[in-house]
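Be aware that the sequence shown starts at 2, since it is given in our numbering, and climbs by one per residue. By construction, the Cβ of each residue, glycine as well, lies at the ideal position given by its N, Cα and C atoms. To start, the structure itself, in structure tokens.
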Amino acid sequence: MPVPHDDAPAEAVGPLLRGVAVLRALTAASQQQLSLGDLARATGLARATTDRIAATLARLGYLRVDGRTAALAPALMEVGNAYLASVRLPDLLGPIADRLADTLDESVSLAVPDGAGIRFVHQATRRRTLSLSFRIGDLLPLERTAPGPLFAALWSEDDWRAWSARGPEPFPALPQALGDVPDLRVRALAAARDGWALDDQLIEPGLVALAVPVHDATGALVCALSVVSHTSRHSAPDLRAALLPALADARDTMEAVLRAPTGRTGQATSAASPCTGRTATAAATAASKDELGADFIESLARGLLVPTAFGAERPELSLSAVAEATGLARATARRALITLEHLGYVTTTGRSFRLTPTVLELGYAPLSRLSLAELAAPHLADLVTQVHDSASMAVLDGHDIRYTARVAASRVMSVRISVGTRFPAYATAMGRVLLAALPVGACDALLAGEELRPLTAHTLTAPAALAAALDRARADGHAVVTGELEDGLRSIAVPIHAADGRVLAAVNVSMHTARRSLDECRATVLPALRAAAARIEADLAVAGRFAPTPVA
């Protein structure tokens, strides 16, 4: 992936072009990680330049550099979140799409046009053995989709000529070779006449989809609502006959929401921008430059601040507003916007700027499918490096905890537990944190059906004693269990919260009692454990803003 600066405007920011090339290369990599050497070869950049870019992006939280390997980090999703917040489609229309998916028991999507393709901005996917693997941000060839003809129906002759003259474009979501496709112009004319369009196995054998257009209050087409099924459930004609009425009703509901005055839709505006708290960013980049020196490319960092200035309450910004929101000098913001427009990430309307769906190509699709365990893993590894004891994550599964992530310490004597292991919740620190987070009635009901067996001589089995331990965990925000699961084993655990405050999981550090006293554990391990939990929650807040994060 060569650096795209041969045809760049003279005022474009070179480091920003090169930084974007690095992010694109990592997004295109099969595992979204590359060695720094492979990254230099993929971008055509000098190795020293690649190293400095990686160091800068790691400082911003957009990459994780582990030794000589760079990988995308969840914080990068805040760039795509800024676009999704600014168009408001997932927030306003996503709940309607979710209800439709529940009603039909089929996968439902919202898509927008992006050049010669479409990008998904919301997905409500059914979990089946045969289920969709498309993600928010994935780019699909317009002519092979149901939404595509709806968008193409509005093209001018210039648009058609540009589409016909386009070169081959990569579509990472479709790695397989595809066969011929029916004439798009014919399908576009039919879509304009009928008000709907079909994809009859154009993406993949067996996959069928039906789409209808969704218009805003001005009558402009803003997105397409589609339902996707499999030929084992519906043929394409049957899909249209059976589901078009429900799809049209949901479309009408969406258009009514889009016609409603701002503030009357029931949509909260407190989450207007995914970058709240990042407005003092120019000062932050300057501080990073002072600390890291030549390894930190300040112009790259400043350029990547610009997309995060946009949000639900700021979908369209003037140059002055961008400069004010980011804390950048007007000239700096202007050059960044010129660069982003050249890359296709920003478009202009008069004297104002808007983000485009193309910003979702910066890692959004692969990062949006990370599970909570995958988000937690690097933070658990950092924690183990810091405290030199094993760290884990678990969720409540009935009466048990079930381990979902685990990083073991390299010690002669260490705790040997694997992912998937189950233990009785009442006898573990993570279990007590999770039980304490339940409503009192639900917790009592759960424990009432559990036999409180003594696993060691120290296991709390008296209901009153266990209730008191849960009260302490609830009050303290952590739990410590010593010798109750196994003699000599001590564990300290804290909860992991979702953005709405719900406890989703717990993380712990476990060790032999000879390693530290209880007071030492609370004084040295607990602060590090809480800091790791806070970092996991921060990643979860960004990753889960528009793409629900699988917990188990």
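- Message: Using the Cβ count rule (16 or more neighbours within 10 Å means buried), how would you classify Q124?
- Response: Per the 10 Å Cβ criterion, buried.
- Query: If you follow the alpha helix (DSSP H) that C444 is part of, which residue opens it and which one closes it?
  - Reply: Start and end: 441-449.
- In angstroms, rounded to a whole number, what distance separates the CA positions of S110 and V88? C-alpha of S110 to C-alpha of V88: approximately 16 angstroms in a straight line.
- Query: Considering only the beta carbon of each residue, do A406 and A426 sit closer than 7 angstroms?
  - Reply: Not a contact, by the Cβ cut-off of 7 angstroms.
- Name, in chain order, the residues that DSSP records as bridge partners for D398. According to DSSP, which records beta bridges pairwise, D398 is partnered with D401.
- According to the Cβ coordinates, are T232 and G196 closer than 7 angstroms? Not closer than 7 angstroms, so no.
- Query: Q387 lies in the alpha helix (DSSP H); which residues open and close that run?
  - Reply: Per DSSP, the unbroken alpha helix (DSSP H) holding Q387 starts and ends at 373-388.
- Going by alpha carbons, who is nearest to P455 out of Y84, L448, A463? In this structure, A463 is the residue among Y84, L448, A463 with its C-alpha nearest to the C-alpha of P455.
- Message: Suppose the cutoff is 8 angstroms on Cβ atoms and the five residues either side in sequence are ignored; what does the same chain contact list for G267 look like?
- Response: Confidence at G267 is low in this model, with a pLDDT of 37, below 50, so its placement is unreliable and no value can be given for it.
- Message: Does D540 pass the burial test, meaning 16 or more other C-beta atoms within 10 Å, or should it be called exposed?
- Response: By the 10 Å Cβ count, D540 comes out buried.
- Message: Beta-carbon within less than 7 angstroms of L245's beta-carbon, same chain only, minus the 5 sequence neighbours each way: which residues are those?
- Response: Its chain contains W197, L211 as the residues whose beta carbon lies nearer than 7 angstroms to that of L245, once the 5 sequence neighbours on both sides are disregarded; these appear in chain order.
- Message: Between which residues of its own chain and A218 is the CB-CB distance below 7 angstroms, once the five residues before and five after are set aside?
- Response: Counting only residues of its own chain and dropping the five nearest sequence neighbours on each side, A218 has a CB closer than 7 angstroms to the CB of L259, R260.
- Query: Roughly how many whole angstroms lie between the Cα atoms of A269 and V482?
  - Reply: Note that A269 scores 35 on pLDDT, short of 50, meaning its location in the model is unreliable; the coordinates nonetheless yield the value given after this. Cα to Cα, the separation comes out at about 41 angstroms.
- Could you pull out every residue in the same chain whose Cβ sits closer than 7 angstroms to the Cβ of P173, ignoring the five residues on either side in sequence? Excluding residues within five positions, the ones whose Cβ falls inside 7 angstroms are A29.
- Item | Inter-residue Cα distance where the pair is T309 and G450 | One C-alpha to the other measures close to 49 angstroms.
- Query: Starting from L199 and walking both ways along the beta strand (DSSP E), at which residues does that stretch end?
  - Reply: For L199, the enclosing beta strand (DSSP E) covers residues 198-201.
- Sequence-distant residues of its chain with Cβ nearer than 8 angstroms to V543 (five each side left out): Excluding positions up to five away in sequence, the list reads P75, A76, M78, E79, N82, P275.
- If you run the structure through DSSP and keep just helix, strand and coil, what is V526? V526 carries a helical assignment under DSSP once its states are collapsed to helix, strand and coil.
- Message: Buried or exposed for T130, going by 16 or more other Cβ atoms inside 10 Å?
- Response: Here T130 scores only 46 on pLDDT, less than 50, and its place in the model should not be relied on; the value that follows carries that caveat. By the neighbour-count criterion, in which a residue is buried when 16 or more other Cβ atoms sit within 10 angstroms of its Cβ, T130 is exposed.
- Message: Taking the straight line between their C-alpha atoms, what separation do you get for H513 and E342?
- Response: Each residue's CA atom was taken as its position, placing H513 and E342 some 57 angstroms apart.
- Item | Proximity to L31 [Cα-Cα], best of G364, D501, E452 | According to the sequence displayed, residue 31 carries Ser and not Leu. The shortest C-alpha to C-alpha distance from S31 to any of G364, D501, E452 is the one to G364.
- Task: Consult DSSP for I119 and reduce its assignment to one of helix, strand or coil.
- Result: Correct three-state label for I119: strand.
- Task: Please go through the same chain and pick out, in chain order, the residues whose beta-carbon is closer than 6 angstroms to the beta-carbon of S492, but skip the five residues on each side of it.
- Result: Around S492: A430, V482, N509, S511.
- Query: So which of D296, D401, E452 has the shortest CA-CA distance to R506?
  - Reply: In the sequence under discussion, the amino acid at residue 506 is Ala, which differs from the Arg named in the question. Ranking D296, D401, E452 by Cα distance to A506 puts D401 first.
- Message: Beta-carbon within less than 7 angstroms of D296's beta-carbon, same chain only, minus the 5 sequence neighbours each way: which residues are those?
- Response: For D296, where only same-chain residues beyond five positions count, the Cβ hits under 7 angstroms are R53, A56.
- Query: How would you write the range of the beta strand (DSSP E) that T349 sits in, first residue to last?
  - Reply: Segment 347-350, the beta strand (DSSP E) holding T349.
- Query: Exposed or buried, what is V441 when buried is set at 16 or more other beta-carbons lying within 10 Å of its beta-carbon?
  - Reply: V441 should be labelled exposed.
- Message: Along the chain, where does the beta strand (DSSP E) containing I54 start, and where does it finish?
- Response: Premise fails: I54 lies in the alpha helix (DSSP H), 48-61, not in any beta strand (DSSP E).
- Query: What's the gap between the Cα of P549 and the Cα of T254?
  - Reply: When rounded, the distance between both Cα atoms is 23 angstroms.
- Check each candidate in A476, V23, G38, L306 and name the one with the smallest Cα separation from R335. The shortest Cα separation from R335 among A476, V23, G38, L306 belongs to L306.
- Buried or exposed: where does S108 fall if 16 or more other Cβ atoms within 10 Å of its Cβ makes it buried? So S108 ends up on the buried side.
- Query: Buried or exposed: L467, going by 16 or more other Cβ atoms within 10 Å of its Cβ?
  - Reply: Burial call: buried.
- Query: Do you know how far the Cα of A225 is from the Cα of A154?
  - Reply: Cα to Cα, A154 sits roughly 12 angstroms from A225.
- Query: In chain order, what residues of the same chain have a beta carbon less than 8 angstroms from the beta carbon of A443, not counting five sequence neighbours either side?
  - Reply: A distance below 8 angstroms between beta-carbons, with the five flanking residues on each side excluded, links A443 to no residue of its chain.
- Query: From what residue to what residue does the beta strand (DSSP E) around V508 run?
  - Reply: Following the DSSP letters along the chain, one finds V508 inside the beta strand (DSSP E) bounded by residues 504-513.
- Comparing alpha-carbon positions, which option in M394, A437, L435 lies nearest T422? M394 is the residue among M394, A437, L435 whose C-alpha sits nearest the C-alpha of T422.
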